[in-house]
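Comments concern the structure below.
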Amino acid sequence: MMRSPRLGWNKLYQIAVGTARGLEYLHTGCSTRILHFDIKPQNILLDDDYCAKISDFGLSKLCLKRESIVSMLVARGTIGYIAPEVFSRNFGDVSHKSDVYSYGMLLIEMIGGGKRVNAEAYQSSEMYFADQVYQLIEEGYDQGFYCHLMEEDKETARKMAFVGVWCIQTDPKQRPSMRRVREMLEGSAEALQIPPKPYLFSPRRSPIIDSLSLTESL
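Going by UniProt numbering, 114 is the number at position 114 of the sequence shown; the sequence numbering is gapless.
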């Protein structure tokens, strides 16, 4: 295993869609619904063609395909990717939407790894990076570090940002299903609605601006 080099937006988009398809299959494509509960960069393997494969099912849970809500005695997952309801049921029920939240944080981290920015300037901010992504959604992509992107890359970044923020909505009921996530990523950025700003993010973790730590399988 090795740390991946900086990837272009086309590759990031390919990995994002591939991971979304994988999670969609786990949630709806099997006879039993599989909830992963540990979606993060280290658990996404890439082959030589950058096809994404979801790995490490040590924390996963099974439930009937017609059901989704699961009981959980203790929180499971990785800090920074764990949905709020996994920490406290006051935020809602633990379900397949908890994987959607983790995927959203993964997507936002990919946005951070896919751009060329002054990392020190952003690491010095007290804001979560998800806040900065939401600012871009509100203020547009013709300023800051995105202003130098080609139009095609701007559209890719915009789609990934919109979908990422939809996925990390604090209320699980507001998050899209993975099928809807995949459809949004594969559709037009112009058709996407601006997501509400989440009022709670996962506990802060180390800066994610300067690299994308997806793991490659050799």
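Glycine included, C-beta positions come from ideal geometry on N, C-alpha and C.
Note that this is a predicted model, so its numbers are computed, not measured.
Sequence-distant residues of the same chain with beta carbon closer than 8 Å to residue i, five excluded per side
i	result
K11	Y50
S125	Because the pLDDT at S125 is just 43, under 50, the model does not fix this residue reliably, and the point stays unresolved.
C30	K65
V86	F37, M72, A75, R76, G77, V94, S98
Whether residue i touches residue j by CB criterion (8 Å)
i	j	result
C63	L35	yes
F37	D99	yes
T170	F91	yes
L136	V17	no
Y103	I15	no
C167	R175	yes
A20	V181	yes
N43	S60	no
P198	S95	no
A189	E151	no
Cross-strand partners of residue i (DSSP beta bridge)
i	result
R33	C63
I39	None, per the DSSP bridge assignment.
7 Å CB neighbourhood of residue i in its chain, flanking five on each side removed
i	result
F57	H36
I111	V133, A157, M160, A161, G164
L149	A157
G8	none
Y101	A83, C167, I168, R175
Exposure of residue i, with buried meaning 16 or more beta-carbon neighbours within 10 Å
i	result
R66	exposed
A191	exposed
Y81	buried
P84	buried
D153	buried
S88	exposed
G187	exposed
First through last residue of the beta strand (DSSP E) which encompasses residue i
i	result
Q52	Before going further, note that residue 52 is Ala rather than Gln in the sequence given. Element bounds for A52: 52–54.
I82	First-last for I82: undefined, no H or E at that position.
L46	44–46
Beta-carbon contacts of residue i that lie in its chain and below 6 Å, excluding the five residues immediately before and after
i	result
D93	I69
K53	L45
M72	V94
Y13	T156
K97	P172, R175
Y195	In the sequence on display, residue 195 carries Pro and not Tyr. Here the set comprises V165, W166.
Residue interval of the alpha helix (DSSP H) (run including residue i)
i	result
F162	151–167
K11	9–24
L185	178–186
Any C-beta of chain C under 8 Å from that of residue i
i	result
M160	Note that chain C does not occur in the displayed structure, where there is just one protein chain.
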